[in-house]
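First residue of the sequence shown? That's 1 in UniProt numbering, and the numbers climb one at a time after it.
Glycine residues also receive a C-beta, built at the ideal position from the N, C-alpha and C atoms.
On a predicted model such as this, the values are computed, not experimentally measured, just so you know.
What follows is a single structure, written as structure tokens, with notes after it.
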Amino acid sequence: MATAELPRCEVPNCPRETDIILEASDGKRFGTHLYCLQTFNDGFPLKESVTHRIEDIVTLTETGDTLALLLKFSHYEDQYKTFSELQDLDLVLRLAEAADKYGNYFALLACKLAINEQASRWTLTDEDALRIMVYHVSQGDLTKIDQLAPKTVNLPLSSVRSQFGSNLIGYCTYTLYREKWREREAALKIVEFVPSFNECSPNQCAPIRRRPTGPFTNPSLEPRGEDKENWANEVRRTAKSNPPRWEDFC
């Protein structure tokens with residue numbers, strides 16, 4: 001049982017006595033166990049390697065809600081139940097950062113599963129797609145990037161820049177990807193309402209005869225009279241079969 005001087009462990013019915021106090025960035029304090037910290041987190045020093053008085057308070061940079069979850073993932077008893085708490089994307093991303101920092105691989109795996117689950121939801125917003133994409137880029141995991149990035153190409157670049165933070169290489173890669181993707185969208189828009197040859201009036205045909213711009217500029221795709229319908233189909237085929245891929249710009 002925890003002593004009067006130490007906060008109780010956050011895990012319900014935990015039988016261990018708390019022997020260390022952690023303080024979050026928002027001032028919330030947690031009682032926990034040196035044994036659990038060193039067992040589940042590679043980033044915490046071994047108990048035998050530090051001089052620690054029980055009344056000492058260790059200040060960390062994580063918020064209280066983030067630290068509370070990290071400590072729950074530092075127990076055998078509570079990990080499966082804790083996974084159900086990973087619903088808020090902001091909290092999941094903060095926990096993933098903390099788990100990576102302290103080497104808590106149980107928490108990190110749970111976060112990755114929760115992030116992938118959120119990424120697959122049809123209700124995923126463009127803003128959340130951006131945040132998940134930036135997380136995957138920071139981890140060097142490109143498997144979901146081409147699924148997420150197209151949802152972000154119409155967001156303000158200022159928002160994208162803010163999300164990438166100090167990762168300038170990731171941001172520069174994104175801007176190249178975004179440019180090519182938007183060129184692709186522009187090419188598809190040009191041919192979106194191309195009428196069939198029999199329906200095409202001289203006024204309708206005039207703008208269609210202009211050669212498209214961007215990556216699809218090609219003499220073989222320039223419309224010529226009755227070939228305009230074939231040209232439009234070729235632009236569609238080229239654009240849809242060769243979408244930009246993130247790895248092409250890395």
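Put simply, of F83, R161 and D88 the residue whose alpha carbon is nearest the alpha carbon of Q118 is D88. In this model, L86 and I190 are separated by some 44 Å (Cα to Cα). In the displayed model, V11 falls within coil according to three-state DSSP, outside both helix and strand.
Distance check between C36 and each of R184, E97 and N104 places N104 closest, using alpha-carbon atoms only. Between the beta-carbon of L93 and that of R131 there is about 6 Å, and that keeps the pair under the 8 Å contact cut.
With a cutoff of 7 Å on beta-carbon distance, A129 and T152 are scored as near each other. Closest in alpha carbon position to A96, among V134, T125, S120 and T59, is V134.
Looking at the backbone, the Cα of Y102 and that of A24 are separated by about 14 Å. Taking 7 Å as the cut-off, the Cβ atoms of R161 and Y174 do not count as close. With fewer than 16 neighbouring CB atoms inside 10 Å of its own CB, I57 falls in the exposed class. Take the alpha-carbon of L91 and the one of Q163: they are about 15 Å apart. Under DSSP, I21 forms a beta bridge with G31 and I57. Pairing T39 with I20 gives a Cβ-Cβ distance that is not under 7 Å. A residue is called buried once 16 or more other Cβ atoms fall within 10 Å of its Cβ, and K240, having fewer, is exposed.
Taking 7 Å as the cut-off, the beta carbon of P7 is found closer than this to the beta carbon of R29. Excluding the 5 residues flanking it on each side, T61 has same chain C-beta neighbours closer than 7 Å at S25, in chain order.
Taking each of D65, S74, R16 and R236 in turn and checking the Cα distance to F44, the smallest one comes out for S74. Per the coordinates, the alpha-carbon of Y76 lies some 19 Å from the alpha-carbon of L113. Annotation: E62 is outside any alpha helix (DSSP H) and is labelled neither H nor E by DSSP. Under the three-state reduction of DSSP, L157 is assigned to helix. Going by beta carbons, W246 and D146 fall inside the 7 Å limit.
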